[in-house]
Amino acid sequence: GLSATRIQLIRLVCFFFAASSFVIGGWMMIDPASAWGSMGLSVGEDPFVPALYAGGIMGEGVMFALGAIWPVRYLVFFQYLVVYKTFACIAGAVVLLGMEPAPMGAWLVIAGWASAGLISALVFPWGKWPSVESWYGAGGVNP
15 GLSATRIQLI RLVCFFFAAS SFVIGGWMMI DPASAWGSMG LSVGEDPFVP ALYAGGIMGE
75 GVMFALGAIW PVRYLVFFQY LVVYKTFACI AGAVVLLGME PAPMGAWLVI AGWASAGLIS
135 ALVFPWGKWP SVESWYGAGG VNP
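The numbering used here numbers the first residue of the sequence shown as 15 and each following residue consecutively.
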């Protein structure tokens, strides 16, 4: 299984991700124009998509809050974040590379997302996953 130190690390990362998601997502839900504007980005006249994204960030916050309570049960969310943040960073970077000039705040968003993906990849116990699966009775099950 996982060491007590590893579980504490996972719990701390979950807490940090939850807290930052609640602060950023909450601000984006309440005032999307101000939140995105602080990064040099404009939501235009229709803040619908940024507000939806804010709801997604709040959802991530809830999942990580649950992970802070039950770190092993919510480990798979780190895998999700690795995949999600990778594709988000690729998509965002492609758009930014085509902009003249690209807002510095947008590059900071990409850096933040990339950091979250890298931290998730480092925290996830890749080599221990089969033993974690067995705790749930899922080890060795083929679909």
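Even for Gly, the Cβ is constructed at its ideal location relative to N, Cα and C. These numbers come from a predicted model, not from an experiment.
- In this structure, the beta-carbon distance from G73 to A32 does not fall below 8 angstroms.
- A contact between stretches requires three or more CB pairs, one per stretch, nearer than 8 angstroms, and the region 96 to 110 fails this requirement with the region 47 to 55.
- Under the three-state reduction of DSSP, A116 is assigned to coil, being neither helix nor strand.
- By the neighbour-count definition (other C-beta atoms within 10 Å, threshold 16), I124 is a buried residue.
- For L26, the uninterrupted alpha helix (DSSP H) run begins and ends at 18 to 44, by DSSP.
- For V97, the closest of F138, G39, R20 by C-alpha to C-alpha distance is F138.
- Runs of the alpha helix (DSSP H) lying entirely within the region 42 to 112, each at least 4 residues long, are 46 to 51, 62 to 83, 90 to 111 in chain order.
- For the pair G39 and A68, the CB atoms are nearer than the 8 angstroms cut-off.
- When DSSP states are grouped into helix, strand and coil, P144 belongs to the helix group.
- Taking the Cα of L23 as reference, the smallest distance to any Cα among I133, M113, G119 is reached at I133.
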